[in-house]
DNA sequence: ACACGATTTAACCAATTAGTTAAACCAACA
DNA sequence: TGTTGGTTTAACTAATTGGTTAAATCGTGT
């Protein structure tokens, strides 16, 4: 029966995601994943032959989610300020729904950079195409002139970092007030958009 | 002889920092730390009784470095835009000299948040004092009105994230060109300062 | 010559953990 | 009723790893 299989496979992936995200590849224990999925270790290995494979299943799924969204927006024909706003919206809504992604990626980034590198290129993220479009807009005087790489990094930083540092916001700023933190994240997209657009206004 | 002791202790701490930063607490191996320090495991335990103690020695040192710099700047009497510029300068120069700090802290943040929480409060970082100063400046019309928490998060994000995501910049943007990456980080403070100041200009 | 602390060598222990195996169990289904 | 595939149980292995120990070595200052 397929439904049964799908169900436990889903349970395993969900459990593994939780454990891998908080503990990382090295800190995660197969036993703990099995427990969290409500099954036993033998069955866990029956579905995913090894820890490595299970990890890759999760990791691939996450990367597939995290990167390509932006590519579509960039290649569109909207004016550059609209594109920037769309990118901020896309990033933020993605991360509100999957807040664990940044911490997870940053955690595994040092452990095995080549793995991430492969996946990024595989899903075809081409940064060069972005610089061009931004420089055009600067030439036309639509936005202030600056190094487009710094601009992109600024935008991505403001979108991603608050999620990567979630525990810090949670403890230091919001004193573990869940609702206040959620409200903060909900405002985030609009605030960042306004901030960036304001920073890009051309002044004489 | 003290110099000998200091020397190896220094070597151990340096090696441990490298290994802990890239591998994390769980991924780090005492043998690897010993190898990297050019000594053997027995001597490593002779200096730091356990992995836990060694980790705490490193971790405490890093936190002591990372947080208190800002407190001094905030309590000064400079105008708020000057303070912001000083904070950006302080953060960036700290991270250029210790680029591993963000990845390290973020990595251990999920593993044991209470540990970091303790250290932050111990070194007396009081965020509330910041909101007040910023809101004053907004009331006086010196900077544009916005939620001061978002403003701080924006600034810190732009300062810290590019270092946390260093491998991504290195691979995806700079194709492992070390000098280009270093040059990028060197420009960073000025770019961020200009970006923030521009974003904070009050328009009618 | 002696003492002392730093350092090495090499063997060892105990705990943890990924992964395996084999037998039994159970529910659905043909 | 018998088969089949998902599932459990429980015991096991092989490797890794943190930590220990004891004896030997080396350098330096007395």
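Chains as they are written, first to last, in the working numbering: chain B, 15 to 218; chain Z, 15 to 218. Ideal Cβ positions, reconstructed from N, Cα and C, are used throughout, including at glycine.
Annotation for residue 59/Z: the continuous alpha helix (DSSP H) segment containing it runs 55 to 61. Its Cα nearest to that of residue 112/Z, the residue 79/Z stands out among 97/Z, 209/Z, 52/Z, 79/Z. Contact with chain B is found for residue 168/Z, since one of that chain's Cβ atoms lies less than 7 Å from the residue's Cβ. Within the segment 85 to 143 of chain Z, complete alpha helix (DSSP H) segments of at least 4 residues are found at 94 to 111, 115 to 125, 127 to 136, given in chain order.
Taking all protein chains in view, the Cβ of residue 148/Z is crowded by 16 or more other Cβ atoms within 10 Å, so the residue is classified as buried. Restricting attention to 195/B, 207/B, 199/B, 27/B, the CA atom closest to the CA of residue 73/B is found in 27/B.
At least one beta carbon of chain B lies nearer than 7 Å to the beta carbon of residue 141/Z.
Between residue 203/Z and residue 95/Z, the CB-CB gap reaches or exceeds 7 Å. The C-alpha of residue 61/B is placed about 58 Å away from the C-alpha of residue 152/Z.
Per DSSP, reduced to three states, the secondary structure at residue 212/Z is helical. Interface criterion met: the Cβ of residue 40/B is under 7 Å from a Cβ in chain Z. For residue 172/Z, at least one C-beta of chain B is nearer than 7 Å to its own C-beta.
For residue 44/Z, none of the residues of chain B pass the 7 Å Cβ criterion, the least Cβ distance being about 14 Å. A Cβ-Cβ separation of about 13 Å leaves residue 102/B out of contact with residue 199/B under the 8 Å criterion. Identification of chain B residues near residue 160/Z by a Cβ-Cβ cut-off of 8 Å yields 205, 208, 209, ordered along the chain. Taken in chain order, the members of the segment 185 to 206 of chain Z whose beta-carbon sits within less than 8 Å of a beta-carbon on chain B are 185, 186, 187, 198, 201, 202, 205, 206. What residue 125/Z touches in chain B, judged by beta-carbon distance under 9 Å, is 36, 37, 38, 41, going in chain order.
Residue 209/Z sits close to residue 213/B, with the two beta carbons spaced by under 7 Å. Within chain B, the C-beta atoms nearer than 7 Å to that of residue 134/Z come from 186, in chain order. Against chain Z, the beta carbon of residue 179/B has neighbours under 7 Å at 120, listed in chain order.
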